[in-house]
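The structure appears below as structure tokens.
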Amino acid sequence: MKKILLLTAVLSISVIMTACQKKICDLSREEAKEWTRSATVAEMNQKVKALTEAEKEKLVRSLLVLNIPEEDKETVIKGCAAILSHPKLGFYVELFAHTPVNKHEAGGGAWAAGDHISLSSGLLAEKNPESIRDTLTHELFHIFNDREHGAGGISALNEGTAIWIFNMTFYENDPQKMALGLAEPAIGTKLYYRDIGIPGYPTDIEFGVPTDLTPKGKEVYDMLMAADRSKLPVYDEAKMKEYFEFFSDIDRDQDFQTYLGQFSERLDKWLQTH
Ligand SMILES: [Zn+2]
Numbered sequence: 002m003k004k005i006l007l008l009t010a011v012l013s014i015s016v017i018m019t020a021c022q023k024k025i026c027d028l029s030r031e032e033a034k035e036w037t038r039s040a041t042v043a044e045m046n047q048k049v050k051a052l053t054e055a056e057k058e059k060l061v062r063s064l065l066v067l068n069i070p071e072e073d074k075e076t077v078i079k080g081c082a083a084i085l086s087h088p089k090l091g092f093y094v095e096l097f098a099h100t101p102v103n104k105h106e107a108g109g110g111a112w113a114a115g116d117h118i119s120l121s122s123g124l125l126a127e128k129n130p131e132s133i134r135d136t137l138t139h140e141l142f143h144i145f146n147d148r149e150h151g152a153g154g155i156s157a158l159n160e161g162t163a164i165w166i167f168n169m170t171f172y173e174n175d176p177q178k179m180a181l182g183l184a185e186p187a188i189g190t191k192l193y194y195r196d197i198g199i200p201g202y203p204t205d206i207e208f209g210v211p212t213d214l215t216p217k218g219k220e221v222y223d224m225l226m227a228a229d230r231s232k233l234p235v236y237d238e239a240k241m242k243e244y245f246e247f248f249s250d251i252d253r254d255q256d257f258q259t260y261l262g263q264f265s266e267r268l269d270k271w272l273q274t275h
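Under my numbering, the first residue of the sequence shown is numbered 2, with each subsequent residue one higher.
Structure representation (structure tokens):
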């Protein structure tokens, strides 16, 4: 019994050692699964950053499990390679290696369901790697939240963090998105469920404050919060409530730009007084 345990330990140490010596794009899916599970977010980002764009694409090709028709695969591969091109998102390799991508019939959109992602036929038909990039950055972050005990379920922070991660990376030069920070994606989601609503879903959703984040989750949340001008108090339920109250009379069910203008003004007021 002890010998078997020892052998398993030696084997997994040797897999990890081989993975460290090899370039990450030369790993098999199984080796990548194993290595990414034990690596930190900083280590994954560093390994991916060292690759050329062609190697990033090669890596995506070897990691992704695509249960979609042949004609849709190239757009998804290009979209995923574009995710790895951002130096803060190298850690998505772990999500690519562990999350199959499926397809369903619908006009648009996508969803994350437990252990897989499903892209709609409408979204795939656009053949636009940029929309696939944004959609997968978002949906895979729901999977990340689930794996790393981040904000969960139907909550302001689960949706908010999954929007903020692609705003703060791919739209880092968009002054409006950066100015609204994590507050609008999160608080705005709560207002959306309350004022517009989605049939079959509650109108009063939770904040989703994470209480037992894994170390990997903490690394990524630190990054999300460091870039957040709105200083949303992600870890504090009572402060989140106080924050939300300050915005709660804003009507989400109106022209979107008007709403964003009102939100932005209120945010500046909040930041001046807090
Ligand atoms: Zn979402």
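Where is the CB? At the ideal position from N, CA and C, for every residue including glycine.
Taking the continuous beta strand (DSSP E) assigned at residue i, which residues delimit it?
i	result
His105	102 to 105
Ala114	111 to 114
What is the DSSP secondary structure of residue i, reduced to helix, strand or coil?
i	result
His150	coil
Leu120	strand
Ala228	coil
Glu207	strand
Asp175	coil
Lys128	coil
Ala43	helix
Asp252	coil
Leu85	helix
Val221	helix
Thr138	helix
Tyr244	helix
Gly80	helix
Ile144	helix
Ile5	Confidence at Ile5 is low in this model, with a pLDDT of 48, below 50, so the placement of that residue is unreliable and no value is reported for it.
Asp196	helix
Val235	coil
Ala55	helix
Leu60	helix
Quickly, what does DSSP pair residue i with across the bridge? List them, please.
i	result
Asn68	Asn103
Hey, quick one: how far does the alpha helix (DSSP H) through residue i stretch, first residue to last?
i	result
Ala163	157 to 171
Ala33	30 to 39
Phe92	Where Phe92 is concerned, there is no enclosing alpha helix (DSSP H), given that its DSSP letter is neither H nor E.
Lys24	Per DSSP, Lys24 belongs to no alpha helix (DSSP H) and is neither H nor E.
Ser262	First, the amino acid is wrong: residue 262 is Gly here, not Ser. Where Gly262 is concerned, the enclosing alpha helix (DSSP H) stretches over 257 to 274.
Asp213	Element bounds for Asp213: n/a, residue is neither H nor E.
Leu183	No alpha helix (DSSP H) contains Leu183, which DSSP labels as neither H nor E.
On the premise that residue j lies in contact with residue i, defined as a C-beta separation below 8 Å, what is that separation, rounded to the nearest angstrom?
i	j	result
Leu124	Ala111	6 Å
Ala187	Ala228	Incorrect: roughly 14 Å between the Cβ atoms, too far for contact.
Tyr244	Gly151	In fact, because the Cβ distance is near 18 Å, the residues do not count as touching under 8 Å.
Val94	Ala55	So it is not a contact: roughly 16 Å between Cβ atoms.
Leu85	Lys57	4 Å
Gly201	Gly154	The pair is not a contact, with the Cβ atoms about 14 Å apart (cut-off 8 Å).
Leu64	Ala98	5 Å
Trp165	Leu183	4 Å
Original post:
Between the region 167 to 174 and the region 235 to 250, do three or more beta carbon pairs fall short of 8 Å?
Top reply: In short, these stretches do not touch, since the Cβ pair count stays below three.
Original post:
Would you say the region 117 to 131 touches the region 155 to 162, given that touching needs at least three Cβ pairs under 8 Å?
Top reply: Taking one beta carbon from each stretch, the region 117 to 131 and the region 155 to 162 have fewer than 3 pairs nearer than 8 Å; the two do not touch.
**OP:** Mind the definition here: the region 202 to 222 touches the region 31 to 39 only if three or more C-beta pairs lie below 8 Å; say whether that holds.
**Re:** Not touching, per the Cβ criterion.
**OP:** Flag this pair as touching only if the region 41 to 48 and the region 71 to 79 have three or more C-beta atom pairs under 8 Å; answer yes or no.
**Re:** With a cut-off of 8 Å, the region 71 to 79 and the region 41 to 48 do not count as touching, because too few Cβ pairs lie within range.
Subject >> Three or more C-beta pairs below 8 Å linking the region 188 to 203 and the region 251 to 261 >> reply: Segments in contact, yes.
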